[in-house]
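Chains as they are written, first to last, in the numbering used here: chain S, 103 to 474; chain D, 103 to 474. Yeah, the Cβ is synthetic: ideal placement off N, Cα and C, and Gly gets one too. What follows is a short report on a single structure.
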């Protein structure tokens with residue numbers, strides 16, 4: 103995807119220095135484009151925990167390359183594997199909800215264990231991490247290939263008038279490696295010349311919509327309008343939303359979806375107004391081991407300062423301002439769970455299916471064996 | 103109600119100067135308590151339009167005293183009535199949604215027209231405006247008297263554990279003359295020693311919850327927690343909300359409720375989770391002339407800068423910060439309509455009734471005659 107006309111991914115090996123990983127430090131977007139060098143496992147863990155990077159696939163990709171960094175840091179021999187194991191635990195403890203973090207680091211760890219020495223482990227970790235990252239980008243692209251058909255059908259019904267998409271949070275390319283999940287069908291439509299307009303939920307408390315989704319849509323020339331999280335229901339009541347696309351941090355086998363806090367409210371409004379509500383996800387975010395999202399998905403609680411303060415630009419500088427009385431407490435859960443019954447369908451790299459165990463197993467029959 | 107231990111109302115005649123009206127300029131709360139003098143109709147209109155004051159009853163009360171100011175400004179004779187009529191139109195054009203603005207200024211205007219000269223008109227306008235303001239404060243008090251029973255019943259069922267109330271926007275005393283509407287049952291419970299805790303929706307874009315509701319609850323020592331607007335659904339899914347109280351800017355004869363944007367989303371979540379959802383309103387906000395809120399209530403569209411920028415405190419000073427890319431457009435509707443079917447009941451100064459024409463007419467049988 104592009105920023106100021108230049109092609110970017112969200113994470114990459116530094117040119118001429120493969121021992122340094124570069125990321126876009128998203129905390130400064132949309133006001134400043136800051137590229138950060140990651141040179142130690144501690145820096146990787148901090149980048150995930152403090153949300154320099156976020157979004158389930160990008161968290162997974164960053165942690166995977168974090169294990170490569172652990173191999174680089176590790177001494178030879180048994181102490182080396184100990185450092186790598188500790189690094190794995192450290193990286194996995196950064197964020198609790200997104201499942202990619204666990205499945206991807208598992209895969210890298212299993213691969214690197216086959217190495218007989220530091221050099222082999224390092225090479226295996228890098229190879230596997232890059233392989234996962236490529237796969238993830240391709241999966242996001244395919245979500246667009248499948249999802250664009252939904253937009254196309256609506257566009258035809260509307261006689262070519264712009265299709266109004268609503269999205270929550272940032273499930274865009276900035277949350278992934280490339281293309282995004284919820285934005286992938288939108289970019290595919292835009293590329294295909296289908297007129298599309300996106301309602302961008304600002305997504306308090308961290309405003310990933312207002313900051314990141316608006317930024318990336320703007321960079322690609324996709325028409326969009328920023329709205330407060332409170333507005334979507336009203337727009338749906340008045341026929342101003344044709345379809346909703348959101349991402350997923352974890353999807354259960356039964357089709358329950360954990361996504362950014364507030365997603366559930368939009369699903370309820372879509373249901374009430376018969377607006378199609380689709381969840382876009384690479385299969386890596388499916389947790390085949392659980393069914394009941396409300397009971398089984400751990401929901402991250404973050405610091406109350408993210409609610410009490412907000413960051414924005416004032417006279418060219420990024421500042422934090424206090425929004426509440428200083429003494430008022432606040433609470434901050436990062437995600438909620440949308441029950442499968444409110445989801446019109448899941449869009450994965452393999453196609454579109456109903457949000458149900460049956461639907462998912464038709465796309466992923468190889469998962470029949472896991473959990474009965 | 104109290105601020106720093108001193109009793110306040112939201113609007114009053116200046117001590118020793120009855121030709122000046124004083125208000126709390128709410129734009130600076132919770133960071134600064136600014137008292138503003140209003141000395142001309144233009145200042146009254148600006149105070150309403152630019153939201154130095156807001157909330158349906160307080161808008162009505164301010165506009166009513168604005169007509170008193172119009173009488174003070176008016177010349178003798180026919181030109182005087184012309185100025186008053188123009189002032190009426192000016193005050194009524196400030197905000198479109200809240201019905202009190204129209205019904206209260208009607209009442210003051212009808213009263214002052216009986217005056218034979220400037221002095222009589224002025225006296226009648228002041229008398230009627232103050233009468234309405236007293237009535238409104240008493241109506242808010244009575245909403246608390248009726249509503250507290252709902253809290254008491256829940257408290258008993260919970261064995262005295264704190265009752266968790268969720269509220270949206272500020273339907274507190276700062277939105278009214280005194281007591282508030284949605285907060286009145288909460289204050290009544292608190293006074294009665296019933297443990298109560300309030301989840302305060304921050305209520306983007308203008309954050310009346312985070313700024314005003316949190317402020318007034320804090321000043322009264324009522325336990326509360328500020329939350330983003332996205333969180334309420336999750337809290338309800340997890341049994342953390344016992345009851346919802348919101349205000350109303352306009353309620354139709356059939357029980358549809360226009361209130362701050364986002365109210366509808368909370369009503370949907372309450373319905374989905376079987377949480378009682380009550381709308382508190384003095385009868386002045388009932389519009390007996392309409393039934394279908396979605397079709398018939400005009401919804402105010404405000405400037406996009408309220409979405410793109412936010413105000414907060416930084417290093418002791420109030421600052422506005424930009425939240426979005428500078429070039430991204432935004433849209434800003436102030437209210438939405440919650441259909442009556444999602445409202446558990448209406449609490450008015452006369453008692454609690456179902457959100458239906460039948461329910462309302464049982465409390466207000468004298469309205470049978472209006473519109474069939």
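What residue range is occupied by the uninterrupted alpha helix (DSSP H) comprising residue i?
i: residue 116 of chain S; result: Premise fails: residue 116 of chain S lies in the beta strand (DSSP E), 113-116, not in any alpha helix (DSSP H).
i: residue 380 of chain D; result: Not the alpha helix (DSSP H): residue 380 of chain D falls in the beta strand (DSSP E), residues 379-382.
i: residue 455 of chain D; result: Unbroken run through residue 455 of chain D is the beta strand (DSSP E), 453-455; no alpha helix (DSSP H).
i: residue 256 of chain S; result: 220-259
i: residue 319 of chain D; result: 316-321
i: residue 133 of chain D; result: Per DSSP, residue 133 of chain D belongs to no alpha helix (DSSP H) and is neither H nor E.
Note down, in chain order, every chain D residue with its Cβ under 9 Å from the Cβ of residue i.
i: residue 430 of chain S; result: 132, 302, 312, 316, 317, 319, 320, 326, 327, 328
i: residue 396 of chain S; result: 339, 340
i: residue 309 of chain S; result: 425, 426
i: residue 351 of chain S; result: Those do not exist, as residue 351 of chain S stays about 13 Å from chain D at its closest Cβ, beyond 9 Å.
Check the Cβ of residue i against every Cβ in chain S and list those closer than 9 Å, keeping chain order.
i: residue 376 of chain D; result: Result: empty, since nearest Cβ-Cβ is about 14 Å, beyond 9 Å.
i: residue 128 of chain D; result: Within 9 Å Cβ-Cβ: nothing; residue 128 of chain D doesn't reach chain S, min ~13 Å.
If we ignore side chains and look at the alpha-carbon of each, how far apart do residue i and residue j end up?
i: residue 365 of chain S; j: residue 331 of chain D; result: 11 Å
i: residue 328 of chain S; j: residue 302 of chain S; result: 5 Å
i: residue 361 of chain S; j: residue 431 of chain D; result: 25 Å
i: residue 347 of chain D; j: residue 270 of chain D; result: 8 Å
i: residue 472 of chain S; j: residue 439 of chain S; result: 22 Å
i: residue 556 of chain S; j: residue 156 of chain S; result: This structure gives no information on residue 556 of chain S, because the portion of chain S shown stretches from 103 to 474.
i: residue 124 of chain D; j: residue 137 of chain D; result: 7 Å
i: residue 146 of chain D; j: residue 139 of chain D; result: 10 Å
i: residue 104 of chain S; j: residue 110 of chain S; result: 6 Å
i: residue 429 of chain S; j: residue 304 of chain D; result: 15 Å
i: residue 129 of chain D; j: residue 448 of chain S; result: 44 Å
i: residue 336 of chain S; j: residue 214 of chain S; result: 51 Å
i: residue 460 of chain S; j: residue 356 of chain S; result: 8 Å
i: residue 396 of chain D; j: residue 108 of chain S; result: 46 Å
i: residue 407 of chain S; j: residue 435 of chain S; result: 12 Å
i: residue 291 of chain S; j: residue 320 of chain S; result: 15 Å
i: residue 260 of chain S; j: residue 400 of chain D; result: 26 Å
i: residue 466 of chain D; j: residue 207 of chain D; result: 21 Å
i: residue 89 of chain D; j: residue 239 of chain S; result: Residue 89 of chain D is absent from the model: chain D starts at 103 and stops at 474.
i: residue 386 of chain S; j: residue 352 of chain S; result: 9 Å
i: residue 241 of chain D; j: residue 158 of chain D; result: 13 Å
i: residue 454 of chain D; j: residue 388 of chain D; result: 14 Å
i: residue 235 of chain S; j: residue 245 of chain S; result: 15 Å
i: residue 266 of chain S; j: residue 142 of chain D; result: 45 Å
i: residue 368 of chain D; j: residue 446 of chain D; result: 13 Å
State the start and end residues of the unbroken beta strand (DSSP E) segment that holds residue i.
i: residue 138 of chain D; result: 137-140
i: residue 390 of chain S; result: First-last for residue 390 of chain S: undefined, no H or E at that position.
i: residue 447 of chain D; result: 447-450
i: residue 490 of chain D; result: With chain D covering only 103 through 474, there is no way to say anything about residue 490 of chain D.
i: residue 422 of chain S; result: 419-424
i: residue 437 of chain S; result: 437-440
List, in chain order, every chain D residue whose beta-carbon is nearer than 7 Å to that of residue i.
i: residue 478 of chain S; result: Because chain S here runs from 103 to 474, residue 478 of chain S falls outside it and cannot be looked at.
i: residue 427 of chain S; result: 132, 316, 317, 320
Run through chain S and tell me which residues come within less than 7 Å of residue i, C-beta to C-beta.
i: residue 170 of chain D; result: Within chain S, no residue comes near residue 170 of chain D; the closest Cβ sits about 33 Å away, beyond 7 Å.
i: residue 433 of chain D; result: 327, 329
i: residue 251 of chain D; result: Here the premise fails: no neighbours, minimum Cβ distance about 28 Å.
i: residue 119 of chain D; result: Chain S residues near residue 119 of chain D: none, gap ~31 Å exceeds 7 Å.
Which residues in chain S sit within 8 Å of residue i, going by Cβ to Cβ distance?
i: residue 421 of chain D; result: 416, 421, 423
i: residue 306 of chain D; result: 304, 306, 330, 331, 332
Less than 7 Å between the CB of residue i and some heavy atom of the ligand GTP, yes or no?
i: residue 355 of chain S; result: Ligands in the displayed structure: none, and consequently the ligand GTP is not present.
Of all Cβ atoms in chain B, is any one closer than 8 Å to the Cβ of residue i?
i: residue 358 of chain D; result: Checking the listed chains, one finds no chain B in this structure; the protein chains it contains are S and D.
Count Cβ pairs between the region 121-136 of chain S and the region 407-421 of chain S that sit closer than 8 Å; are there 3 or more? yes
Residues in the region 325-343 of chain S having any Cβ partner in chain D nearer than 7 Å: 326, 327, 328, 329, 330, 331, 332, 333, 335, 336, 339
Can you give me, in chain order, the residues of the region 259-282 of chain D that have a beta carbon less than 8 Å from any beta carbon in chain S? none
Taking 8 Å as the cut-off, does the region 276-284 of chain D touch the region 381-392 of chain D (at least 3 CB pairs, one atom from each stretch)? yes
So, do the region 261-270 of chain S and the region 299-316 of chain S have three or more beta carbon pairs nearer to each other than 8 Å? yes
Counting pairs of beta carbons, one from the region 190-203 of chain S and one from the region 243-253 of chain S, are three or more of them closer than 8 Å? no
Taking contact to mean at least 3 C-beta pairs separated by less than 8 Å, is the region 164-180 of chain D in contact with the region 210-230 of chain D? yes
Quick one: which residues of the region 195-221 of chain D get their C-beta closer than 7 Å to a C-beta of chain S? List them in chain order. none
Along the region 361-393 of chain D, where does the CB come closer than 7 Å to a CB of chain S? Name the residues. 363, 364, 366, 367, 370, 371, 374
In chain order, what residues of the region 407-418 of chain D put their CB closer than 8 Å to some CB of chain S? 409, 410, 411, 412, 413, 414, 415, 416
The region 137-166 of chain S: which residues have C-beta closer than 7 Å to a C-beta of chain D, in chain order? none
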